[in-house]
Amino acid sequence: MKQFLKVVHVSGRRKRAVARATLSKGSGIVRINGVLLESYTPNIYQLRIREPLIIAGDKSKEVDISINIVGGGIASQSQAARLAIGKALSQHDSSLKNKFLEYDRSLLVADVRRKESKKPNTGGKARAKTQKSYR
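Position one of the sequence shown corresponds to residue 21 (the working numbering), numbered consecutively onward.
Listed below in structure tokens is the structure:
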């Protein structure tokens, strides 16, 4: 029988959102900022967070996961939570790592793209240029 870790602490990041997950032995309850996953809205983001749990199958019903998310928007928060759950489950049971990689690499590997900073004297965004003349 495999030796399982009792408590796992991991974090996942996406853009400005940071999700810190704590995985412990339990009965399959997932809480996000103290709220059950079932009441997390909108549903499309709830389903995105649920993906690693579905792939893990019965192994996800043996643990409780508590996630604290700060920063970013709702889309990047859900992607950060998804990454944190994937990392936590793969650390808890190493046989899940290959399943996650086959399904989607972003369940285990962070997307490191960030917003490009604004440049001075360009008239707005990072790559925008000021208009010199019209016609």
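The beta-carbon is built from N, C-alpha and C at its ideal position, and this holds for glycine as well.
Excluding residues up to 5 positions away in sequence, L109, L116 lie with their Cβ nearer than 6 Å to the Cβ of A76 in the same chain. Put simply, the region 65-74 touches the region 95-103. At least three CB pairs are less than 8 Å apart. Per the Cβ contact rule, the region 38-51 is in contact with the region 81-90 (3 or more Cβ pairs under 8 Å). If you compare the alpha carbons of L56, T150, I52, V129 with that of R34, the shortest gap goes to V129. Closest in alpha carbon position to D84, among Y154, L73, I64, is L73. For D84, the three-state secondary structure derived from DSSP is strand.
Linking N141 to T150 through their CA atoms gives a straight-line distance of about 8 Å.
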